[in-house]
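Heads up, the thing below is written out as structure tokens.
There are 4 protein chains.
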Amino acid sequence: MTEQASAVTADELNAFFEQGFAGVGARPLVTLAERGRLVLSLRADAGHLRPGGYISGPTQMAMADHAAYAALFTVTGIVPMALTSNLNINFLRPCIGEAVLAEAEVLKAGRVSAVMEVSLRAEGAEKPSAHAVVTYVMPKG
Amino acid sequence: MTEQASAVTADELNAFFEQGFAGVGARPLVTLAERGRLVLSLRADAGHLRPGGYISGPTQMAMADHAAYAALFTVTGIVPMALTSNLNINFLRPCIGEAVLAEAEVLKAGRVSAVMEVSLRAEGAEKPSAHAVVTYVMPKG
Amino acid sequence: MTEQASAVTADELNAFFEQGFAGVGARPLVTLAERGRLVLSLRADAGHLRPGGYISGPTQMAMADHAAYAALFTVTGIVPMALTSNLNINFLRPCIGEAVLAEAEVLKAGRVSAVMEVSLRAEGAEKPSAHAVVTYVMPKG
Amino acid sequence: MTEQASAVTADELNAFFEQGFAGVGARPLVTLAERGRLVLSLRADAGHLRPGGYISGPTQMAMADHAAYAALFTVTGIVPMALTSNLNINFLRPCIGEAVLAEAEVLKAGRVSAVMEVSLRAEGAEKPSAHAVVTYVMPKG
């Protein structure tokens, strides 16, 4: 799925996300954007961690949702009003590390909806900590 | 499922959550704890909102996960090492309001795992904004 | 949600399903159809059972899908080309009995998609054997 | 994950499934069994099809469940009493063909539970018709 270029570059995606959301702490950054595939990276801070250095479930769910959204744009271009309709996540192993990576792949990008698969992994870990499948619905028209 | 008393009171749950997590901003509060059923409430702040006053998907997912965890304790007592293994959420309608409520019901509390159903709704809204089903695994022994 | 009449009666639904599908063995029957709520019942035969008299996972998944489809019609009228886009099912307890019931409730029936919640239970059992949430997409136009 | 041999061969798996289940019509057959990865194939008959030659949703769900079960055994050996606890499936495209293939990959095989990812595709189709993630719980002891 990589022969055609991504509809947006990693820099364009990072610029879009920077102006749109004014959250606290570290922002996730797109480190790779190919057509249909994207990697998002987040440096974990205190708000993302549970005692013992575990990157929390909610942090991983938010990463999965964000990575799916950004991955969709590598196929469709930036569509801000695309909205999550379904997210299913399985937590497989503890996620322990200073950063967490989300690798998202577009399974389908249709006129009405799109489905992305996301594998989450602590930076440096060999196996994924979680696996999610996320459905987005496209805005009308 | 309400004839037997809850294994913990709302006050006990709120005290447990206060000492355990040092997050930023408003904490969710347990406003009702019956055996097998619990209501969690969060006053939304800037970090929880998207432009237009929408309470974000990740905020609702974190609420669903937290409410399921707390609801489980109304049956088992407080089991800190119970861990989320699966979360499935469907977003049904925009969630617009100053606070969001999560009503969780225990579908099953077994020796190995437990399954909770959570309905999320903006305070004052008639219909739910999202619906989740969350599976927790119990610690060994 | 029951004050307005169902868009179709149980008899109309059973007639529709009888002419549409030519499967083998017993067909599920709609035993209750209210607006937004429906009960589907299936008498289990050999093809539905595993050794020990357990009603199989695939039988329960098919029942959940069918009950969700029929429940949707109590709100929209019969829309044959509605298609399942997502199904999530949690198996809670063994399903042992001569018949299995699926009680479906419509969480949302929109122009583009609909979400139904389904509780499955062996006939005579006090607690559900499985719980599913099913999303259907509506045909265009 | 293919360097170590599969704990069971395709022939052993097919022999196990033949003696265990007395269903009607064609049985799915394991066509590839590597450690952590398996392909299951089903020749569709009338009971699996909807008008227009579409392989039905329930057929694909049953294939996903069966493929996940068999794939798990390539890592653990045959464990008949492993039971499905959760199945999540997204239907991506129509499934039209004379046979349907399910390719399953083991994401995690733990002492308590295992998670498999399954991609379903009509024979000859370039893109998947459905994608599922299935959790099995291991029997005690």
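First to last, the sequence lines map onto chains H, W, V and Z. The first sequence runs contiguously to residue 142 in our numbering. The second sequence runs contiguously to residue 142 in our numbering. The third sequence runs contiguously to residue 142 in our numbering. The fourth sequence runs contiguously to residue 142 in our numbering. C-beta: ideal position from N, C-alpha, C; glycine also.
Pair within 8 Å by beta-carbon distance, residue i and residue j
i, j, result
"residue 102 of chain Z", "residue 122 of chain Z", "yes"
"residue 36 of chain H", "residue 76 of chain H", "yes"
"residue 119 of chain H", "residue 65 of chain H", "yes"
"residue 89 of chain W", "residue 116 of chain V", "no"
"residue 8 of chain W", "residue 111 of chain W", "no"
"residue 51 of chain Z", "residue 106 of chain Z", "no"
Proximity to residue i [Cα-Cα], best of the options
i, options, result
"residue 126 of chain H", "H/77, H/87, H/19 and H/93", "H/93"
"residue 83 of chain V", "V/90, V/74, V/91 and V/89", "V/74"
"residue 113 of chain W", "W/86, W/59 and W/64", "W/86"
"residue 41 of chain Z", "Z/5, Z/139, Z/141 and Z/72", "Z/72"
"residue 63 of chain W", "W/141, W/139 and W/133", "W/133"
"residue 45 of chain H", "H/124, H/39, H/67 and H/95", "H/124"
"residue 135 of chain V", "V/20, V/67 and V/5", "V/67"
Between the CA atoms of residue j and residue i - distance to the nearest angstrom
i, j, result
"residue 104 of chain W", "residue 69 of chain V", "23 Å"
"residue 13 of chain H", "residue 14 of chain Z", "50 Å"
"residue 61 of chain W", "residue 18 of chain W", "18 Å"
"residue 56 of chain Z", "residue 48 of chain W", "45 Å"
"residue 28 of chain Z", "residue 141 of chain V", "36 Å"
"residue 98 of chain H", "residue 53 of chain H", "10 Å"
"residue 137 of chain Z", "residue 139 of chain W", "16 Å"
"residue 3 of chain Z", "residue 10 of chain V", "Its pLDDT being 49, under 50, residue 3 of chain Z is placed unreliably by the model, and the measurement read from it follows with that caveat. Going from the Cα of residue 3 of chain Z to the Cα of residue 10 of chain V covers about 55 Å."
"residue 130 of chain Z", "residue 58 of chain Z", "10 Å"
"residue 31 of chain V", "residue 95 of chain W", "33 Å"
"residue 20 of chain H", "residue 6 of chain Z", "51 Å"
"residue 100 of chain W", "residue 43 of chain W", "5 Å"
"residue 128 of chain H", "residue 128 of chain Z", "26 Å"
"residue 16 of chain V", "residue 16 of chain Z", "41 Å"
9 Å Cβ cut-off: residues of chain A touching residue i
i, result
"residue 93 of chain W", "Reference to chain A is not applicable here, since the protein chains of this structure are H, W, V and Z."
Residue ranges of each beta strand (DSSP E) within the segment 83-123 of chain W, 3 or longer
84-92, 100-110 and 114-123
Write down every uninterrupted run of the beta strand (DSSP E) in the segment 33-65 of chain W whose length is 3 residues or greater and which is fully enclosed by it, in chain order.
38-44
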